[in-house]
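2 protein chains.
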Amino acid sequence: MQQDSNCGCGTKGACEGENTVNSEESMHAPEKLAINNFSSAKNVIAVMSGKGGVGKSSVTSLLACGFRRKGYEVGVLDADITGPSLPKLFGVKGPIEGTPFGMHPLESSTGIKVMSINLLMEQEDEPVIWRGPLLGKVVGQFWTDVVWTDLDYLFVDLPPGTGDVPLSVMQSLPLNGFIVVTSPQELATMIVKKAIKMAQIMNIPILGLIENMSGVICPKCGEEFKLFGPGHGEEVSKSFNIKFLGKLPVDPNLSKLCDQGKIEEYESSLFTDFIPGQLEAKGGDV
Amino acid sequence: MQQDSNCGCGTKGACEGENTVNSEESMHAPEKLAINNFSSAKNVIAVMSGKGGVGKSSVTSLLACGFRRKGYEVGVLDADITGPSLPKLFGVKGPIEGTPFGMHPLESSTGIKVMSINLLMEQEDEPVIWRGPLLGKVVGQFWTDVVWTDLDYLFVDLPPGTGDVPLSVMQSLPLNGFIVVTSPQELATMIVKKAIKMAQIMNIPILGLIENMSGVICPKCGEEFKLFGPGHGEEVSKSFNIKFLGKLPVDPNLSKLCDQGKIEEYESSLFTDFIPGQLEAKGGDV
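Here the protein sequences line up with chains A and B, keeping their order.
Under our numbering, the first residue of the first sequence carries the number 1, and numbering increases by one thereafter.
Under our numbering, the first residue of the second sequence carries the number 1, and numbering increases by one thereafter.
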């Protein structure tokens, strides 16, 4: 099997057609979609990783909480259609009803607007067994058909991987940029680099990198130890010239609040002060 | 927005056409693909979760190691095209070359055959930016175009979610069944239930459930504590009538071996004795 010069993947023949970012469809990328008529969003920031289970959803939610505490109008768009987490973290439950003006997101206890496929399902554990292009289309509808009203910040929680949904979000939403989440394993580092390179190929700025799960504190003796070896977050940030935003330990208390739908009660100075300050510093428009 | 009776997701109009499992295409599901001419596989077992980052790849690899130690011919097929982990865990590196007979998988130090998209790439951190249907097609090629030779067990490491790749694997590979991996968070439990329900819809048996990351042992004081709250693995197993195969703690030593490409050196009685015994017990054919 020969290397295919288009994609470097070696799966000759498979990489043709409209399925790849290098194809004609992608070169003449679709126009950005217009947000819902009754809505606006000054800043749209997506949280990505490439790797699953590194805490994208909790980082997305904590970012939203941090900005909300500073008084901004904030929304979160759950772009993980087959593994949606945000309603559970914020303790909101559907199903929601549509109106002639579009779908109305649910509001969390502090007033963060939440939209997720799970808010449209009768049962939260019902699977969404859809092929990728449809997944991307639904995420587009969460932008065009949801009455967000006027937001200062919309945070988009991406699924793992570099497939349909991240591609559709990059092509069709007016992103200010990405926050990248990594974890200390070398394996995660490799996969996160794929996501960073995808953002570069698509010309979307990366606003910063957060290393999650960098260690854990023993509740008995107070010892902080590494769960997954030494982290590489700062190293990756340096090598790609990305701002390193900080490290987060695994905190059983955060897991507990997430399971209870009370993530807004979690106190993290990183998200309350440091990160909003860092992102606001870029001229108010991220 | 009205509920769509086909899928229960409420995104009216979006669920039509060939993208959903309920569509005509899926009802008349494609024939199973024939394995490569020079190969056979007595048992094909996929490892799934729905949720990312719960350890599907390490469970897949440890299963493979457990069966290999018992003397079986074993292969691992990395179906996670946008987040491939297996080459790193087994310490094998591409790029591999094709032959007129197909692609030859690489062999790990104990003789496990490994196939992954990363073995076809020049650089392991290069992203694969493809839409879903293509991802499913490549996984099919890993079955039809790879010279596995004669295997007793082929383990398939699925990506997170319930989208294209799990769907294609379920439709086109002759699976004996799934091993489901969960982690203790309630959030993971909800998403894992989606995956279990997908397997049920597709009529694929679930051979057992493993709860990963069920706790961690402090290296200083030896205290074992819960990282993510109490697990729900046994409860989920019972409610779906699935065999509960066991719990695995987070083990920094396993992470280290994974990062070094030496997962085969990891000792786990669960995988060396217990699980092969359990799966063999089903009449030798899983």
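Glycine is no exception: its CB is placed at the ideal position from the N, C-alpha and C atoms.
Self-check item: Residues that Q185(A) contacts on chain E, provided the C-beta gap is smaller than 9 angstroms
Solution: Structure shown: chain E not included; protein chains present are A and B.
Quiz item: Mind pulling the chain B residues with CB within less than 8 angstroms of V216(A)?
Solution: V216, L227
Quiz item: In the structure shown, what three-state DSSP assignment does A79(B) receive?
Solution: coil
Exercise. Check the Cβ of I201(B) against every Cβ in chain A and list those closer than 9 angstroms, keeping chain order.
Key: P127, I129
Quiz item: On the three-state DSSP scale, how would you describe A34(B)?
Solution: coil
Quiz item: Ends of the alpha helix (DSSP H) at F97(A)?
Solution: In the sequence as presented, Phe is not what sits at residue 97(A); that position holds Glu. Here E97(A) belongs to no alpha helix (DSSP H), and DSSP marks it neither H nor E.
Exercise. Find out if the Cβ-Cβ distance for the pair V165(B), I81(B) is shorter than 8 angstroms.
Key: yes
Quiz item: T162(B) versus chain A: which residues are under 7 angstroms apart at the beta carbon?
Solution: T82, P127, V128, I129
Quiz item: Can you tell which of L86(A), Q200(A), E126(A) has its C-alpha closest to the C-alpha of V192(B)?
Solution: E126(A)
Quiz item: Over what stretch of residues does the alpha helix (DSSP H) that includes E280(A) continue unbroken?
Solution: 275-280
Quiz item: Thinking just about the alpha-carbon of each residue, which of T110(A), L134(A), T144(A) is nearest to the one in N37(A)?
Solution: T144(A)
Self-check item: Check whether S183(B) and F228(B) have beta carbons under 8 angstroms apart
Solution: yes
Quiz item: Counting contacts by CB-CB distance shorter than 8 angstroms, is C65(B) in contact with chain A?
Solution: no
Self-check item: Simplified DSSP state of I196(B), which is helix, strand or coil
Solution: helix
Practice problem: Under 6 angstroms Cβ to Cβ from S26(B), same chain only, skipping five residues before and after it: list those, please. | Solution: Any reading at S26(B) must be qualified, since the residue scores a pLDDT of 45, below 50, and its modelled position is unreliable; the value itself is stated next. Hits under 6 angstroms: none found.
Quiz item: How many angstroms separate the CA atom of S85(B) from the CA atom of H104(B)?
Solution: 18 angstroms
Quiz item: Got a sec? Which residues, its chain only, sit under 6 angstroms from K282(A) by beta carbon, not counting five neighbours each side?
Solution: Note that K282(A) has pLDDT 46, beneath the 50 cutoff, so the model's placement of it is unreliable and the number below is only indicative. Closer than 6 angstroms at Cβ, skipping near neighbours: no residue.
Exercise. List the residues of chain B whose Cβ lies closer than 8 angstroms to the Cβ of K51(A), in chain order.
Key: G52, G53, G83
Quiz item: Are the C-beta of M190(A) and some C-beta of chain B separated by less than 8 angstroms?
Solution: yes
Self-check item: Start-to-end residues for the beta strand (DSSP E) that takes in S61(B)
Solution: Element bounds for S61(B): not the beta strand (DSSP E) but the alpha helix (DSSP H), 56-69.
Exercise. Measure the C-alpha to C-alpha separation of K56(A) and A46(A) and round it to an integer number of angstroms.
Key: 10 angstroms
Quiz item: Ordered along the chain, which non-local residues of its own chain (more than five positions away) have a Cβ less than 7 angstroms from that of L257(A)?
Solution: I263, E265, Y266
Quiz item: To which residues of the same chain is T110(B) closer than 8 angstroms at the C-beta, ignoring the five residues directly before and after it?
Solution: C65, R68, R69, E264
Quiz item: Are the beta-carbon atoms belonging to I179(B) and L207(B) less than 8 angstroms from one another?
Solution: yes
Self-check item: Where M198(B) meets chain A, residues with beta-carbon distance less than 7 angstroms
Solution: P127, I129
Practice problem: Counting only the same chain and skipping the five closest in sequence on each side, list residues whose C-beta sits under 7 angstroms from that of P140(B). | Solution: The residue you asked about is not Pro; residue 140(B) is Gly in the sequence shown. Same-chain partners within the cutoff: L33, S168, S172.
Exercise. Check the Cβ-Cβ distances between P249(A) and every residue of chain B, and say whether any is below 8 angstroms.
Key: no
Quiz item: What is the rounded straight-line gap between the Cα of V74(A) and the Cα of K88(A)?
Solution: 18 angstroms
Quiz prompt | Cβ-Cβ distance between I210(A) and G246(A) below 8 angstroms | solution = yes
Self-check item: Exposed unless 16 or more other CB atoms sit within 10 angstroms - verdict on E186(A)
Solution: buried
Quiz item: How many whole angstroms separate the CB atoms of I96(A) and L119(A), which I take to be in contact at a CB cut-off of 8 angstroms?
Solution: 5 angstroms
Self-check item: Reduced DSSP secondary structure (H/G/I, E/B, other) of M170(B)
Solution: helix
Quiz item: Who pairs with K247(B) in a beta bridge, going by DSSP?
Solution: E211(B)
Quiz item: Looking at the unbroken alpha helix (DSSP H) that takes in S49(A), where does it start and where does it end?
Solution: Premise fails: S49(A) is in no alpha helix (DSSP H) and is neither H nor E.
Quiz item: Is L77(B) close to chain A, meaning its C-beta is less than 8 angstroms from at least one C-beta of that chain?
Solution: no
Quiz item: Using a threshold of 7 angstroms, is the CB atom of K220(A) nearer than that to any non-hydrogen atom of the ligand GTP?
Solution: The model on display carries no ligand, and the ligand GTP is accordingly not part of it.
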